[in-house]
Structures are given as C-alpha cells and as structure tokens.
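Taking it in order: structure first as structure tokens, then the write-up.
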Amino acid sequence: HLITTHFHSDHFGALLPVVQKIPVKHFYDKGEPGPEQEQRSEWFRTLYPLYQQATEGRARTLRPGDVIPLQDQQIELRVVAAEKRVLGFSGDIDAAAPGFKPAPPDHSDNGRSIALLLTWGDFRCFLGGDITYNVEHHLVSPVNQLGQVDLYQVTHHGLDMSNHPELIRAIRPVVAVVMNGPQKGPGPRTFAALQSQASLQALYQLHFNTQYGEQGNAPRAAIANPTGQESGNYVRVTVDAGAKVMAVQIGARGASVRHPFN
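So that you can map any letter, position 25 of the sequence shown is 1406 in this note's numbering, and since no number is skipped, the others follow by simple counting.
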C-alpha cells in the first residue's frame, strides 16, 4: 500500500524510482492534483507525468471516513481528512466559529493533504501529512475525532503553520517523531508546544535543525542524523499492542528505547 498525501514534490516527486525497486500493489491519493497555480509550475509539470507512470492510473481516491483494507484486519487505517474535508464536519473549514478564529485560508495543496489515524488494539497513531491549522482545529473541535494518540508523526515536518497547539493538547501524544530536514522543522512554536506537553515521553527527529541550536532541537541522542555527516539514518518504531509498549530505534545499530502507552 502506498498513499500519496498530496501533490508537492517532497511527497510524490521520487515515486517512480521507488516503485521500480519496491513492488506496490495498491496506490491511493486524494484525486485532485492540486491548485491550478501549482499545476502550472515547472516542478509539477515535470513530476506529475512520472507519478502517473508509476501508478499506471491505478490510484484510488480517498475521502474522510474511508478505511484502507489491510491484510491484518486487527489494524485499522482510517482517513480523517482529505481535500479540506474533515471527518465529522461538513461546514467551511476556513470560516470563523464561536471560540475559533481561523488562520488565513491555506490555498496550497498542504491544506488539502490526506490525514490518517492508525489503530491497533489500544495503540493509536496520527499521521497528518501536511495539513494546516484550520483543518487541524476541526479534527479536534468541537469533537475530538482523533482521541488520545500514542505516536504522533509530527505534521508538516514540524512547521509552525501546522501543529496547532490545540491539536497537540487534544491528542496528548506519548511519543512524537519529526520528519524534518537540516533547515526545515521543527519550528520554534511547534517545538515549544511539544516540549510543554505533559504526556510526551520523548521527541525524535530525523535531522538536527541547524537554525535553532541545541535549545531548539531534541537531544542529539534522539536525532537520527545529528551532525549532517550521516548516510541517511532513520527512526524506526515497533509496536507491541498486547504489551502496550513502543520501541524506538535510530538506524540499524541504535539502541532500542521502550515507551509504554495506555
């Protein structure tokens, strides 16, 4: 199964060489290829035909409420947002409401990103793609569609236009992992919101962000590529739903750190 959350180059641009090395049986995306101004860009006109070649036109369109049919039926992977539509909400994402002052409308494809909730027994993992503030708000207010989350793949590389503090407080993550770059996330506001979250046992990052120094990053031991000299280390999370514990490992040789959850 391969899900393309939205059509920005860092999310679908290298798909063709990936599927040439790793067989993919099922492709999914949100259907619409993005705003017209982005479709006119050189990068989109170059990369989208390669995406179509990779998927052979077989991508299934996902909408909120859809469940990805996985082989292990004990694991549920549910779509909670896509194309600025949110599970359990039928109004205007960008409209003001009592107690809610929306951010300026996000007209990029980020706000239209697919967001997913994975559950396995009592384990819950939220994968928000690149959704932004107004979508995040409606996922947790007035009804929290996500519940308490054990593993939070920090949204949008940890950028501050996403990761609404309201959402972080609502989902109460146990472990958070930032899929960031050396100069891309986590933003100062996102980092502060995570650090102040009492439920959080640990924050992990793919890269040390050189813009923010030691005080604006997770401890280097929790960063997969802390110096910039590494050859692409990863963060691996394994879950024992029965024992209610996650194990986080950095790279093939890193120590495994256990994090219990409820």
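Glycine included, every Cβ here is placed at the ideal spot set by N, Cα and C.
Counted within 10 angstroms of its Cβ, other Cβ atoms place residue 1375 as buried (16 or more) or exposed: This structure cannot settle anything about residue 1375, because the visible part of the chain is limited to 1382 through 1643.
Residue 1641 in three-state terms, based on DSSP: If you number the sequence shown from 1, residue 1641 lands on position 260. If DSSP states are grouped into helix, strand and coil, residue 1641 belongs with the strands.
As assigned by DSSP and simplified to three states, the class of residue 1418: Reading the sequence shown from its first residue, position 37 is the one you call residue 1418. When secondary structure is reduced to three states using DSSP, residue 1418 falls in the helix class.
Selection from 1527, 1621, 1406, 1427 that minimises the alpha carbon distance to residue 1438: On the sequence shown, position 57 is the one that residue 1438 refers to. Of the candidates 1527, 1621, 1406, 1427, the residue whose Cα lies closest to the Cα of residue 1438 is 1406.
Runs of alpha helix (DSSP H) wholly within the segment 1513-1597 (minimum 4 residues, chain order): Qualifying alpha helix (DSSP H) stretches, in chain order: 1514-1521, 1546-1552, 1569-1576.
Neighbourhood of residue 1526 by C-beta distance below 7 Å, restricted to the same chain and skipping five residues each side: Here the question's residue 1526 lines up with position 145 in the sequence shown. Excluding residues within five positions, the ones whose Cβ falls inside 7 Å are 1461, 1468, 1469, 1520.
Start-to-end residues for the beta strand (DSSP E) that takes in residue 1408: Here the question's residue 1408 lines up with position 27 in the sequence shown. According to the DSSP assignment, residue 1408 belongs to the beta strand (DSSP E) that extends over 1408-1410.
With 16 other Cβ atoms within 10 Å as the buried cut-off, status of residue 1411: As a working note, residue 1411 is residue 30 in the sequence shown. Counting the other Cβ atoms within 10 Å of the Cβ of residue 1411 gives 16 or more, which makes it buried.
Status (buried if at least 16 other CB within 10 Å, exposed otherwise) for residue 1504: Within the sequence shown, numbered from 1, the residue matching residue 1504 stands at position 123. It is buried - the Cβ of residue 1504 has at least 16 other Cβ atoms within 10 Å.
Pairwise C-alpha distance: residue 1383 and residue 1569: As a working note, residue 1569 is residue 188 in the sequence shown. As a working note, residue 1383 is residue 2 in the sequence shown. Going by the C-alpha atoms only, they are around 31 Å apart.
Status (buried if at least 16 other CB within 10 Å, exposed otherwise) for residue 1585: Looking up residue 1585 in the sequence shown gives position 204. Under a 10 Å Cβ-count criterion, residue 1585 is classified as buried, with 16 or more other Cβ atoms of the shown protein chains found around its own Cβ.
Residue 1445 versus residue 1436: straight-line alpha-carbon distance, rounded: Position 64 of the sequence shown, counted from the start, is the residue given in the question as residue 1445. Position 55 of the sequence shown, counted from the start, is the residue given in the question as residue 1436. Near 22 Å, if we compare the C-alpha coordinates of residue 1436 and residue 1445.
Simplified DSSP state of residue 1440, which is helix, strand or coil: Mapped onto the sequence shown, residue 1440 falls at position 59. Residue 1440 falls in the coil class under three-state DSSP.
For residue 1620, three-class secondary structure by DSSP: For the purposes of this step, residue 1620 is taken as the residue at position 239 of the sequence shown. Secondary structure at residue 1620: strand, using DSSP grouped into helix, strand and coil.
Per DSSP, the bridge partner or partners of residue 1501: Mapped onto the sequence shown, residue 1501 falls at position 120. DSSP lists 1456, 1504 as partners of residue 1501.
Touching by the beta-carbon criterion (3+ pairs, under 8 Å), the segment 1566-1581 and the segment 1544-1555: Yes, the segment 1566-1581 touches the segment 1544-1555.
Contacts around residue 1616, its chain only, beta-carbon distance under 7 Å, and the 5 residues preceding and following it disregarded: As a working mapping, residue 1616 is identified with position 235 in the sequence shown. Same-chain partners within the cutoff: 1558, 1585, 1587, 1605, 1629, 1631.
Proximity of residue 1529 and residue 1553 at Cβ, strictly below 8 Å: As a first step, residue 1529 must be located in the sequence shown, where it is residue number 148. As a first step, residue 1553 must be located in the sequence shown, where it is residue number 172. Closer than 8 Å, so yes.
Cβ-Cβ separation, residue 1517 to residue 1498 (assumed contact under 8 Å), whole Å: Position 117 of the sequence shown holds residue 1498. Position 136 of the sequence shown holds residue 1517. Going by Cβ atoms, the distance from residue 1498 to residue 1517 rounds to 13 Å, so no, they are not a contact pair.
Inter-residue spacing [alpha-carbon to alpha-carbon] between residue 1540 and residue 1512: Here residue 1540 refers to the residue found at position 159 of the sequence shown. Here residue 1512 refers to the residue found at position 131 of the sequence shown. Distance between the alpha carbons of residue 1540 and residue 1512: 11 Å.
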